[in-house]
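Read the structure below first, then the notes.
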Amino acid sequence: MNIRHLALTGVAIAALSTPATAQSVAQPVQPEVAEAPAVDDLDAEEEIVVTGARPRGSVIGDIPPQNVLNSRDIRATGASSVEEILEALAPQIGSGQGRSGGRPITLINGQRISSFRELRDVPPEAIQRMEILPEEVALKYGYRADQKVVNIVLRERFRSTTAQAGTRIATEGGYLGGNVDLTQFSVQRNGRTTMNAHVEGNGMLTEGERNILIDPDQSATADQQLAARSLLPTKRDVRLSGTMNRQLGTVGATFNAEVEHRDGRALVGLGDTLLVPLARNTSTDSSHGGIALNGTKGDWRWALTGNADVQQDVTRTERDDAPGDRSRQTLVSGDFKGTANGKLFTLPAGNASTTLTIGGSTLHLDSERQRLGVASSQSLGRTTGEAAVNVDLPISRRGRDFSALGNLTLSANAGVDQISDFGTLTTIGAGANWSPVDRLNLITSWSREEGAPSINQLGDPVLETPGTRIFDFTTGGTALVTATTGGNPDLLADRRTVWKLGGNWQPSEKTDLRLRAEYVRQTVDRPIAGLAVTPTLEAAFPERFVRNGAGELISVDLRPVNFDSSERQTLRFGFDFTKPLASRRPSQALVEQLRGQFGGARRPGGAEGAAPTAGADRQGARGAGAGGRGGGFGGRNGGRLTFSLTDTLTFVDKVIIGPGLAEIDYLGGDAAGQSGGTPRHNVEARAGYFNNGLGARLSANWRSGTTVDTLAGDELRFSPLSTFDLRLFANVGQIPEVVVKHPWLRGSQVTLQVDNVFNSRPNVRNGAGAVPLNYQPGLLDPLGRTVMISFRKLFLPARSFFRNERGQGQSR
0 MNIRHLALTG VAIAALSTPA TAQSVAQPVQ PEVAEAPAVD DLDAEEEIVV
50 TGARPRGSVI GDIPPQNVLN SRDIRATGAS SVEEILEALA PQIGSGQGRS
100 GGRPITLING QRISSFRELR DVPPEAIQRM EILPEEVALK YGYRADQKVV
150 NIVLRERFRS TTAQAGTRIA TEGGYLGGNV DLTQFSVQRN GRTTMNAHVE
200 GNGMLTEGER NILIDPDQSA TADQQLAARS LLPTKRDVRL SGTMNRQLGT
250 VGATFNAEVE HRDGRALVGL GDTLLVPLAR NTSTDSSHGG IALNGTKGDW
300 RWALTGNADV QQDVTRTERD DAPGDRSRQT LVSGDFKGTA NGKLFTLPAG
350 NASTTLTIGG STLHLDSERQ RLGVASSQSL GRTTGEAAVN VDLPISRRGR
400 DFSALGNLTL SANAGVDQIS DFGTLTTIGA GANWSPVDRL NLITSWSREE
450 GAPSINQLGD PVLETPGTRI FDFTTGGTAL VTATTGGNPD LLADRRTVWK
500 LGGNWQPSEK TDLRLRAEYV RQTVDRPIAG LAVTPTLEAA FPERFVRNGA
550 GELISVDLRP VNFDSSERQT LRFGFDFTKP LASRRPSQAL VEQLRGQFGG
600 ARRPGGAEGA APTAGADRQG ARGAGAGGRG GGFGGRNGGR LTFSLTDTLT
650 FVDKVIIGPG LAEIDYLGGD AAGQSGGTPR HNVEARAGYF NNGLGARLSA
700 NWRSGTTVDT LAGDELRFSP LSTFDLRLFA NVGQIPEVVV KHPWLRGSQV
750 TLQVDNVFNS RPNVRNGAGA VPLNYQPGLL DPLGRTVMIS FRKLFLPARS
800 FFRNERGQGQ SR
């Protein structure tokens, strides 16, 4: 019996499979469905085995994804790169647990990668599904639980060459930028290859092009000064990168390499002679190599990753009355990490498992500086060894003897870092993952970890920038000062304690609506932060602020310091909604005409932009509307209507500078920096529509207003700010009528993007209703509204026209 057709209905057989193990209960059991055959393999007989298993490429452990996007969901974002996909998903992948707001941890096919560079240039069309998972999943891969995890599962077969070019302008003029990308990508069962060339650049935007107001005392040279200060520097960026992955028996080996050159030029004002603009020129050259090995040994999965990087930064600051300042920084680093995950022993509710991690890194920073003809240098080095363990214990499982609590797993983790310049730093944590009923998952975790300041925070070259505009919260006015930035070698390690309670709930199996919320409380001993020009900080660090006899600020030292302690409490909550839309089906005559142009057997099926066939698309998909035959030019449930909303509500954000010193309350009138205090609310929203090759995506961000008190008895009011970005796109290759008339448009996408649609800018006023010079809208947001137009062309092998867009993407 030919059981190819059985694969398309294999979901119905999943219930007959054996009970899931502790590592396979995160999702309803689904069959591993073989991909649809290629066009020229239609008559070949092949044996397809349907077994009860999690979808290919799933992550380790029993924590279910907070959301899963299949290929049609990804296509509906209109994204042309993985970075754009992550931007479209920003409300869902943000985290309140990390030290910074960096990108989430990324995996490929449920496996570790050496760095984000491995998947940055993968075309979205090659992605079968994306899983968004909570921070606790990171522990199972040897990371700290402080960023969300995004698992990207690639198609088993795909090949394309992609060219993209775009240009961006500011509607107020003065700015022009552009980029060009060329990418070759292929993936087969035995590995994948990526080659990318990237060029990007933009011109300079000066204060004169935004009509910035300056101090009336300097009005005699206003035009000269405005032309001599840049709001945005010039930029040139050239990058070449490549990634090769091969399956060697049971081991997947990946090597990644990249070289990059960046340079820029900024104007910092007129010198003492008031004759010529002074400039700061920067140049960065970097090279990178990375390796990742992933394999299995019995019940254990292991991974070994390593990276080597060299980067040199050169900064030259011109002076008209003395030799120019010059700094050079060379950073050489390397790291490796090995992880192993497997079964420890069997409990009534399932298998107890552990993740073991061991790693090391080395980093060396050399910096040289010449100022006023005097040379100085310093050299910093750091060697780190690390080891960590994470243990998961299943307590209860639905469908087993121990099932009264639903699905419940307890976990504990511990780690130690031995750092050459800071000694031994420790991390401990514990958590619980509880699913009392289907589609409801609750997670709580607690961690305490010690962290050393980065080598850059310790040893960045000290730079002095004259004529820097600073708002002086002591006097309530704007001052032109000499600002000192760079590293501080006296920084101490901090200790961060985080407690989290989160939940994810899908109320109805038939409606793709997911509710999510997480409360996070962070306390930090000896937190590291930069300084703001406030009376409280000036009293605590008087040596960092210099005033003249009239009390006017003339210089500030903004290098980072250690405070005594800090506390922050946030509630991040929102929802995600997706609704499949019926798509238009082309006539059979039009389909046959396309087949005549591009080749392929005469059978119903897809074309450009289609989702996988019913079985393949159902694999790991969200269920509603994932199936359906008919391929790319339509078919049922081919379109998408999406909406996502997240509000980050901050309850507490305060710092104690030192014992016996005043408390800083960023929610209660103190300044966190030149941007004011901390907003109580920060709302992110995304809405999207895509169908029949045409789509639109609207991104909206809103933050509540803040008020900062000044020593002069005045208030500085930062108004609420709303910004909207609109992206309109046409996947022209999915519109059959256009492709028939213009075959060269096959695989093409045209995008029109308008950022900051209403040209909204921060509005800051003092008690008298005036705008301080330092808070002019053109200084806070120099670009304002911008318009970007891009054209992207996906070059597909001729005979893969129908195969690619049914989701298989393979040509021989």
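Going by numbering that gives the first Met the number 0, the sequence shown opens with residue 0, and the numbers climb by one from there. For every residue, glycine included, the Cβ atom is placed at its ideal position computed from N, Cα and C. Computed from a predicted model, the values in this text were never measured in an experiment.
Query: Chain B within 8 Å of arginine 764, Cβ atoms only; Result: Annotation note: the requested chain B is absent from the structure, which comprises a single protein chain.
Query: Beta-carbon proximity list for alanine 623, same chain, < 7 Å, skipping 5 on both sides; Result: Any reading at alanine 623 must be qualified, since the residue scores a pLDDT of 32, below 50, and its modelled position is unreliable; no value is offered.
Query: When Asp724, Asp334, Thr464, Val250 are compared against asparagine 280, the one with the closest alpha-carbon; Result: Thr464
Query: Helix, strand or coil at arginine 791 according to DSSP, with G and I counted as helix; Result: strand
Query: Extent of the continuous alpha helix (DSSP H) run through proline 735; Result: 735-740
Query: Closest Cα partner of threonine 709 within the set Gly475, Ala221, Gln224, Val390; Result: Gly475
Query: Opening and closing residue of the beta strand (DSSP E) in which glycine 289 lies; Result: 276-296
Query: As assigned by DSSP and simplified to three states, the class of serine 70; Result: helix
Query: 8 Å Cβ cutoff met for threonine 116 and glutamate 259; Result: According to the sequence as given, residue 116 is arginine; it is not threonine. Contact: no.
Query: Environment of isoleucine 553 [buried if 16+ CB atoms lie within 10 Å]; Result: exposed
Query: Local Cβ density within 10 Å of leucine 269, reported as buried at 16 or more and exposed below that; Result: buried
Query: Same chain only: Cβ atoms within 6 Å of phenylalanine 794, ignoring 5 sequence neighbours per side; Result: Thr160
Query: Methionine 194 versus valine 149 - alpha carbon distance; Result: 23 Å
Query: CB-CB length for aspartate 365 against threonine 329, believed under 8 Å; Result: 5 Å
Query: Alanine 137 (DSSP reduced to helix, strand or coil); Result: helix
Query: C-alpha distance - glycine 501 paired with alanine 684, whole-angstrom precision; Result: 20 Å
Query: contact_flag[the region 382-397, the region 353-364] where n(CB pairs < 8 Å) is 3 or more; Result: yes
Query: Beta-carbon proximity check, arginine 525 vs leucine 491, cutoff 8 Å; Result: yes
Query: Ranges of the alpha helix (DSSP H) found wholly within the region 694-753, counting only runs of at least 4; Result: 735-740
Query: Residues that DSSP places opposite glycine 337 in a beta bridge; Result: Leu303, Ile357
Query: Sequence-distant residues of its chain with Cβ nearer than 8 Å to alanine 351 (five each side left out); Result: Ala21, Lys342, Leu343, Phe344, Thr345, Val390, Asp391, Leu392, Pro393
Query: Cβ pair leucine 715, asparagine 765 closer than 8 Å; Result: yes
Query: Buried or exposed (CB count within 10 angstroms, at least 16 for buried), serine 586; Result: exposed
Query: Coarse secondary structure for valine 461, derived from DSSP in three states; Result: coil
Query: Assumed close pair glutamine 146, isoleucine 107 - CB separation to whole angstroms, cut-off 8 Å; Result: Rounded, the Cβ-Cβ distance is 16 Å, inconsistent with contact.
Query: Residue from Glu135, Asn762, Gly109 with nearest C-alpha to valine 152; Result: Gly109
Query: Straight-line Cα distance separating alanine 729 from glycine 638; Result: 13 Å
Query: Helix, strand or coil at threonine 233 [DSSP, three-state]; Result: strand
Query: Meets three-Cβ-pair contact criterion under 8 Å: the region 113-133 and the region 154-173; Result: yes
Query: Bridge-paired residues (DSSP) for glycine 414; Result: Ala387, Thr426
Query: Contact the region 77-90 vs the region 132-144: 3+ CB pairs below 8 Å; Result: no
Query: Helix, strand or coil at valine 258 [DSSP, three-state]; Result: strand
Query: Neighbour-count burial assignment, lysine 336, 16 or more Cβ in a 10 Å radius; Result: buried
Query: DSSP-derived helix/strand/coil call for glutamate 171; Result: coil
Query: Beta bridge counterpart(s) of glycine 251 as assigned by DSSP; Result: Gln246, Asn293
Query: Separation of glycine 241 from asparagine 306, as counted between CA atoms; Result: 14 Å
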